[in-house]
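Chemist: Numbering (my numbering), first residue to last: 136 to 533. Just so you know, even glycine gets a beta-carbon here, dropped at the ideal spot from N, CA and C. The structure presented is a predicted model; accordingly, all values stated were derived computationally and were not measured.
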Ligand code: ADP
């Protein structure tokens, strides 16, 4: 173990994911999750050395602070306090202000809070976690790593909506994109697989988890991505609709739905869950499909067809291709979903490497298809956003 451990925090409105990461190797020696914040059943659980532990958070409120205070004592009891060099925070929205990782001071924190207008669910929770960590670790530098930052290289033709320009100048309405840390990481790893400097390679990065997005990475930079002004755009996801005709919203409002009902449905009751009428979880969809469930089959088809169409459109964005990258819980683990997407890509000359695709089903990296026509491969690369957060935090220390 090296001396550079970073505490990586991902703070949601009712949860807090944490991990103690060795910045040199990416190893997580401690991982954990606080959840049910704001409820009497608030709890913190963690895994250390293969051992799982769980504790109720008995305090009546401010569960973020209590969870972080517990992390402080946990790190102390494991004798790791001296090795901890920084705290790295995942922050969802950096707007146009933050194009890379920054050290957090009062003005950065105020900017993150100001961006709550663009990410009302995420940024206030992120700021809460940052404040609690600054209180708990006053001597440690803290860094913010933004989900949007990697996409700030998109050209105006990719980030501009086909709408009145005042909506952008007045309200900042444009495509921002998310999952940037993951697309950044896997494109760097993919460059090693194709044996080229990332600055000279073109990839389509396909992150498929509960949230899902595709990113066109040209010469190491994001030039387009499927999530937009919010993480609701683009692919169909576990519970999110992805792209849909905005006219549907007006239609439902005229039918008497409230805007809360409309957006609750689009965010939480759509996607795999909505289309199948069964579950938001890809594994459940695949199992039900095997048992002949029609809704699950339709959800599988809508999901894979849309992913393939996005990949096709990003061929246009890139002009030439070195690789397609599958990552995220589904991209790394789901053989049938990758297989179906690859079957659409025959038009680009992709031929599945069946043994490679089957071997990659257990989360290991590997080539799953090749295209002589494009001179490109499709591959699985396990993502590791926490490691990026740790590395970028340590890089700024120096
Ligand atoms: P998040 O976006 O919340 O980080 P993950 O990247 O962990 O989510 O992905 C969660 C998704 O991955 C779920 O839909 C889950 O069913 C799916 N998944 C995990 N393992 C498998 C598997 N072996 N086969 C199919 N899907 C899987």
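For the alpha helix (DSSP H) containing residue 297, name the first residue and the last one.
Modeler: Along the chain shown, read from residue 1 onward, the residue named residue 297 stands at position 162. Where residue 297 is concerned, there is no enclosing alpha helix (DSSP H), given that its DSSP letter is neither H nor E.
Chemist: Is DSSP giving residue 513 helix, strand or coil here?
Modeler: As a first step, residue 513 must be located in the chain shown, where it is residue number 378. Strand at residue 513.
Chemist: Does residue 300 pass the burial test, meaning 16 or more other C-beta atoms within 10 Å, or should it be called exposed?
Modeler: Here the question's residue 300 lines up with position 165 in the chain shown. By the neighbour-count rule (16 or more Cβ atoms within 10 Å), residue 300 is not buried but exposed.
Chemist: Examine the Cβ distances between the stretch 285-297 and the stretch 417-429 and report whether three or more of them are shorter than 8 Å.
Modeler: Cβ pair count under 8 Å is below three, so no.
Chemist: Between residue 358 and the rest of its own chain, which residues show a CB-CB distance below 8 Å, the 5 nearest in sequence each way excluded?
Modeler: Start at 1 with the first residue of the chain shown, and residue 358 comes out as number 223. Answer for residue 358: 288, 289, 290, 293, 351, 352, 452 and 453, listed in chain order.
Chemist: Taking the alpha carbon of residue 272 as the point to measure from, which residue in 248, 298 and 221 has its own alpha carbon closest?
Modeler: As a position in the chain shown, residue 272 is number 137, starting the count at 1. Selected option, being the one with the closest Cα: 221.
Chemist: Which same chain residues end up closer than 8 Å to residue 80 when comparing Cβ atoms and leaving out the 5 residues on each side of it in sequence?
Modeler: Past the boundaries of the shown model lies residue 80; the chain is included only from 136 to 533, so the question cannot be answered.
Chemist: Contact check, residue 374 vs residue 408 under 8 Å by CB: the rounded distance?
Modeler: Numbered from 1 along the chain shown, position 239 holds the residue referred to as residue 374. Numbered from 1 along the chain shown, position 273 holds the residue referred to as residue 408. Correct: roughly 5 Å between the Cβ atoms.
Chemist: Got a sec, what are the start and stop residues for the alpha helix (DSSP H) residue 315 sits in?
Modeler: Position 180 of the chain shown, counted from the start, is the residue given in the question as residue 315. From DSSP, the alpha helix (DSSP H) with residue 315 extends over 315-328.
Chemist: Tell me which residues share the same chain as residue 154 and place their Cβ nearer than 8 Å to its Cβ, disregarding the 5 neighbours each side in the sequence.
Modeler: In the chain shown, residue 154 corresponds to position 19, counting from 1. 142, 143, 163, 165, 166, 167 and 521.
Chemist: Buried or exposed for residue 467, please, with buried defined as at least 16 other CB atoms from any protein chain shown within 10 angstroms of its CB.
Modeler: On the chain shown, position 332 is the one that residue 467 refers to. Flag for residue 467 reads buried.
Chemist: Is residue 330 near ligand 2, going by C-beta to nearest heavy atom under 8 Å?
Modeler: No copy of ligand 2 occurs in the structure displayed; its ligands are ligand 1 alone.
Chemist: Give the range of the alpha helix (DSSP H) segment to which residue 533 is assigned.
Modeler: Taking the chain shown and counting its residues from 1, the one referred to as residue 533 is at position 398. Element bounds for residue 533: n/a, residue is neither H nor E.
Chemist: How about residue 259 and residue 148: do their beta carbons lie closer than 9 Å?
Modeler: Position 124 of the chain shown, counted from the first residue, corresponds to residue 259. Position 13 of the chain shown, counted from the first residue, corresponds to residue 148. The answer is yes: Cβ separation under 9 Å.
Chemist: What does the alpha-carbon distance come out to for the pair residue 368 and residue 526?
Modeler: Position 233 of the chain shown, counted from the first residue, corresponds to residue 368. Position 391 of the chain shown, counted from the first residue, corresponds to residue 526. Going from the Cα of residue 368 to the Cα of residue 526 covers about 29 Å.
Chemist: Which of the three DSSP states is assigned to residue 143 in this structure?
Modeler: Looking up residue 143 in the chain shown gives position 8. Reduced to three states, the DSSP call for residue 143 is strand.
Chemist: Could you check what DSSP says for residue 192 in three-state terms: helix, strand or coil?
Modeler: One-based indexing of the chain shown puts residue 192 at position 57. Looking at residue 192 - three-state DSSP - the assignment turns out to be coil, as it is neither helix nor strand.
Chemist: Whole angstroms are fine: how far does the CA of residue 442 sit from the CA of residue 436?
Modeler: Indexing the chain shown from 1 puts residue 436 at position 301. Indexing the chain shown from 1 puts residue 442 at position 307. Distance between the alpha carbons of residue 436 and residue 442 is about 10 Å.
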